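The structure appears right after this line, and notes come after that.
In UniProt numbering, the protein residues as written are 1 to 192.
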């Protein structure tokens, strides 16, 4: 098996990938993550996932490189990482009682062959009706400012959900393991 490299500095993605019990290393890719003019969210995450994998290809020859990127979409609006308390309040107030769809782009690049598999895995969360005091309590407790959509589903953020819908819950955290396993199997990786 070629060595496995996760093109991400995300501790959430590292924790997810570790579930597969495969040895891997990780490195942060240096790419411009700006959305191109009127680029659909689906195309944005697929492009960024691929670019993250490709950004490390020269320095990691003979590797399988995993790239991933995620955005949250509310209606037609892309919700990025809030970075601040006020922006997180704004995002959660807008999401209150609505459906938020998380699009997670995934790429697996074989640097030996140049073959790159790319896909996008959606996951939808229907949010509870949320008032400002509840949102503020949540944000102070969990501080999810580095998470698209302003919550951590693997923590207290799940208390904000009414329901979820999708084929792979790990995509909500940022690395769709079911789809990744499909890709790894196509590259000859042995998994149980």
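By construction, the Cβ of each residue, glycine as well, lies at the ideal position given by its N, Cα and C atoms. If you're wondering where the values come from, they're calculated on a predicted model, not measured in any experiment.
Same chain only: Cβ atoms within 6 Å of residue i, ignoring 5 sequence neighbours per side
{"i": "residue 178", "result": "168"}
{"i": "residue 123", "result": "102, 166, 171 and 172"}
{"i": "residue 161", "result": "125"}
{"i": "residue 28", "result": "9"}
{"i": "residue 194", "result": "Nothing about residue 194 can be read from this structure; the chain reaches only from 1 to 192."}
{"i": "residue 56", "result": "7, 27, 29 and 65"}
{"i": "residue 152", "result": "142 and 144"}
Unbroken alpha helix (DSSP H) run spanning residue i, endpoints
{"i": "residue 91", "result": "85-95"}
{"i": "residue 55", "result": "41-55"}
{"i": "residue 141", "result": "132-142"}
{"i": "residue 17", "result": "11-18"}
Distance, residue j Cα to residue i Cα
{"i": "residue 130", "j": "residue 16", "result": "29 Å"}
{"i": "residue 192", "j": "residue 159", "result": "33 Å"}
{"i": "residue 173", "j": "residue 165", "result": "14 Å"}
{"i": "residue 111", "j": "residue 140", "result": "43 Å"}
{"i": "residue 51", "j": "residue 149", "result": "23 Å"}
{"i": "residue 40", "j": "residue 99", "result": "18 Å"}
{"i": "residue 187", "j": "residue 154", "result": "30 Å"}
{"i": "residue 120", "j": "residue 18", "result": "21 Å"}
{"i": "residue 4", "j": "residue 105", "result": "18 Å"}
{"i": "residue 185", "j": "residue 127", "result": "35 Å"}
{"i": "residue 22", "j": "residue 97", "result": "39 Å"}
{"i": "residue 31", "j": "residue 114", "result": "19 Å"}
{"i": "residue 117", "j": "residue 109", "result": "7 Å"}
Segment limits, beta strand (DSSP E) that includes residue i
{"i": "residue 168", "result": "Neither: residue 168 is in no beta strand (DSSP E) and is coded neither H nor E."}
{"i": "residue 181", "result": "Looking at the DSSP string, residue 181 is not in any beta strand (DSSP E); the run it does join, the alpha helix (DSSP H), is 177-186."}
{"i": "residue 74", "result": "64-74"}
{"i": "residue 27", "result": "24-27"}
{"i": "residue 78", "result": "77-79"}
{"i": "residue 7", "result": "4-7"}
Identity of the residues DSSP links to residue i by a beta bridge
{"i": "residue 120", "result": "105"}
{"i": "residue 127", "result": "161"}
{"i": "residue 172", "result": "Paired residue(s): none; residue 172 is not in a bridge."}
{"i": "residue 193", "result": "Residue 193 falls outside the range modelled here, since the chain spans only 1 to 192, and no answer is possible."}
{"i": "residue 110", "result": "64"}
Test: residue i CB closer than 8 Å to a CB of chain B
{"i": "residue 83", "result": "The structure shown contains no chain B; it is built from a single protein chain."}
Cβ-based neighbour list, residue i, same chain, cut-off 7 Å, excluding 5 preceding and 5 following
{"i": "residue 13", "result": "6, 68, 174 and 175"}
Close beta carbons around residue i, own chain, < 8 Å, minus the five adjacent residues each side
{"i": "residue 33", "result": "48 and 69"}
{"i": "residue 181", "result": "20 and 191"}
* Contact between the stretch 27-45 and the stretch 65-80 (3+ Cβ pairs under 8 Å) -> By the C-beta criterion, the stretch 27-45 is judged to be in contact with the stretch 65-80, since at least 3 inter-stretch pairs fall below 8 Å.
* Does the stretch 86-99 touch the stretch 133-141, meaning 3 or more C-beta pairs lie closer than 8 Å? -> They touch, by the three-pair rule.
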